[in-house]
Amino acid sequence: MKRNLLCATLGATAMAALFSVSAAAQTCASPASWHPDASGTPDLGGSTCANEAGILSVCQNAAGAPQAAFVALLDIAAQPQGSFNTITFTGGAGYTISTYLVPQASGCNNNAACTTVGDGSTPMAHTDIPPGQYYLIITGADFDTAGACGTFNAHADGTLPVTLQSFSVG
Amino acid sequence: MNTKIKVLSLALVGLCGFAGSAMAACPAGPTTADGGAWTSKSVLPPSTSTLAISTPGLDATECALSASLGPSTTASAFVRYDHAASEPNYRFQFLVDTTALSSFSATDNVVVFQAPSTTTANGFNRLLRVSLVGGPSGSKRARFIAQCGTGTFTCAQTFATDLIAGVNRIEGKLTVGAGAAGSLSYWVNAAAGTTEPAASGTIANLDNAAWGGVSAATLGLTAPSAAFKTNHPTQVVKFDRFDSRRQTYIGS
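Structure follows, in structure tokens:
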């Protein structure tokens with residue numbers, strides 16, 4: 001009985017870790033992770049304040065940004081495993097939410113070509129995103145003042161699964 | 001020295017000039033093959049993007065260039081003129097009418113003008129891009145993205161005044177050179193006249209000599225952001241009165 005309870009507890013803990021938001025790190029050097037389950041739970045919420053502070057421009061066209069940003073690293077799988085269709089964004093007061101998805105291989109803050117973008121009225125669509133690992137940069141708009149920042153919420157309508165990095169049978 | 005590099009009317013060059021001429025006529029298309037003045041054009045994908053001569057023009061002229069993009073981030077609809085020489089001192093001006101574009105969101109972005117370079121350096125084969133970007137409350141602004149010799153090799157600045165409803169006049173002066181010799185000055189809807197006023201903005205110390213000079217000009221729509229692709233498919237942007245020179249302010 002106790003062993004069953006222990007297994008159940010460990011299993012729940014593992015599942016919670018698997019479909020979760022990492023809140024420990026939110027910068028280019030140490031991005032957060034976000035793995036919502038098939039129902040899109042949990043949302044990714046937080047603030048662009050007091051996290052990454054070096055985002056002056058984004059994408060190859062150097063879209064302007066107010067420096068303050070929240071950075072997450074996402075695993076995008078091919079359908080049907082990566083079964084979200086859209087990620088929608090809501091920004092709080094103090095800035096105008098603007099979001100950019102950059103291939104991890106291109107670097108977080110190199111003005112590399114963006115795979116897609118989103119904002120308060122424009123969701124990111126899975127159809128625009130090939131499978132891979134990406135930096136999700138959540139920041140303000142070109143016309144925001146330097147340092148402008150605020151709270152945000154990102155909601156996926158399906159899962160962003162954990163990518164299996166290595167696997168071995170002993 | 002007051003050397004014009006090229007004035008590219010959208011009316012039929014060689015017939016009667018262009019601006020306001022009652023006898024001016026529109027060519028079938030913008031390229032020389034169609035009777036126009038431009039070297040080539042790009043329309044991708046051809047099934048959903050469009051590039052056409054339309055009437056009337058934007059400045060009491062006969063003809064304008066109308067461009068729209070299909071719903072793809074790789075869509076383009078622009079004309080290109082290949083200059084005969086590499087131009088280290090390059091002034092340009094064009095008219096753009098964004099009336100038919102609906103309100104911009106924060107990540108709307110589309111390139112309307114490019115100055116390709118004679119030399120590819122640091123991964124870029126161009127010296128300058130001018131983009132339409134979002135301003136507050138759905139407005140549109142012009143952003144100038146110059147290649148430069150440091151950091152990510154991109155130095156950009158947005159003119160912090162919204163574009164006006166209707167026809168906007170955008171002019172630039174790009175100087176190619178080492179260190180502080182490289183610079184960009186730009187004017188957005190400057191007061192009428194041909195005497196050079198204070199610039200709307202300047203990006204100094206471009207250190208852009210590695211790119212050689214301007215080899216061509218492209219005008220139209222290209223490199224849309226995913227937001228522009230989603231929010232503005234088939235919406236038309238009009239262009240007219242492209243002018244490029246080496247030395248003197250163009251104005252109006």
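Protein chains in written order, with this note's numbering: chain X, 1 to 170; chain P, 1 to 252.
Note that beta-carbon positions come from the ideal geometry of N, C-alpha and C, so glycine has one too.
query: Buried or exposed (CB count within 10 angstroms, at least 16 for buried), P/T230; result: buried
query: Residue of P/T119, P/E171, P/T107 and P/S117 minimising C-alpha distance to P/I130; result: Just to set this straight, residue 130 of chain P is Val in the shown sequence, not Ile. The shortest C-alpha separation from P/V130 is found at P/E171.
query: Interface residues of the stretch 134–163 of chain X facing chain A [CB-CB below 7 angstroms]; result: The chain labelled as chain A is not found among the protein chains of the depicted structure, namely X and P.
query: X/A71 at chain P interface by Cβ criterion, 7 angstroms; result: Here residue 71 of chain X is Val; the residue named in the question, Ala, does not match the sequence. Not an interface residue.
query: Segment limits, beta strand (DSSP E) that includes X/T99; result: S98 to P103
query: P/T218 in three-state terms, based on DSSP; result: strand
query: Where X/T115 falls, given that 16 or more other Cβ within 10 Å makes a residue buried; result: buried
query: Close-in-space but distant-in-sequence residues of the same chain around P/C155 (CB under 7 angstroms, 5 per side omitted); result: A146, C148, I203 and L206
query: Beta carbon proximity, X/S57 to chain P, threshold 7 angstroms; result: yes
query: CB contact below 7 angstroms: X/A93 versus chain P; result: no
query: Three-state secondary structure (DSSP) of P/P233; result: coil
query: Buried versus exposed call for X/T127 [16 or more other C-beta atoms within 10 Å across all chains shown]; result: exposed
query: Among P/S139, P/D34, P/S183 and P/F239, nearest to P/K173 - alpha-carbon criterion; result: P/S183
query: Local Cβ density within 10 Å of P/S66, reported as buried at 16 or more and exposed below that; result: buried
query: Classification of P/P46 by the beta-carbon crowding that lies within 10 angstroms, buried from 16 upward; result: exposed
query: Residues of the stretch 132–145 of chain P with Cβ closer than 9 angstroms to any Cβ of chain X, in chain order; result: V133, G134, G135, P136, S139, R141, R143 and I145
query: Chain-ordered chain X contacts of P/S225 [CB-CB under 7 angstroms]; result: V117
query: Nearest residue (CA-CA) to P/G134, options P/T118, P/T98 and P/F153; result: P/T98
query: Where the beta strand (DSSP E) containing P/W187 begins and where it ends; result: S183 to V188
query: Exposed unless 16 or more other CB atoms sit within 10 angstroms - verdict on X/T122; result: buried
query: The ligand FMN heavy atom lying under 6 angstroms from the CB of P/W38; result: Within the structure as shown, the ligand FMN is missing, as the structure has no ligands at all.
query: Chain X residues whose Cβ lies nearer than 8 angstroms to that of P/R169; result: What P/R169 touches in chain X: nothing, since even the nearest Cβ is about 21 angstroms away.
query: Local conformation of P/F228 per DSSP, three classes; result: helix
query: Residue closest to X/A78, alpha-carbon to alpha-carbon, out of X/T90, X/P131 and X/A105; result: X/P131
query: Closer than 9 angstroms at the beta carbon, the chain X residues around P/N109; result: C59, N61, A63, V117 and D142
query: Three-state secondary structure assigned by DSSP to P/A120; result: Position check: residue 120 of chain P holds Thr in this sequence, whereas Ala was assumed. P/T120: strand per DSSP, three-state reduction.
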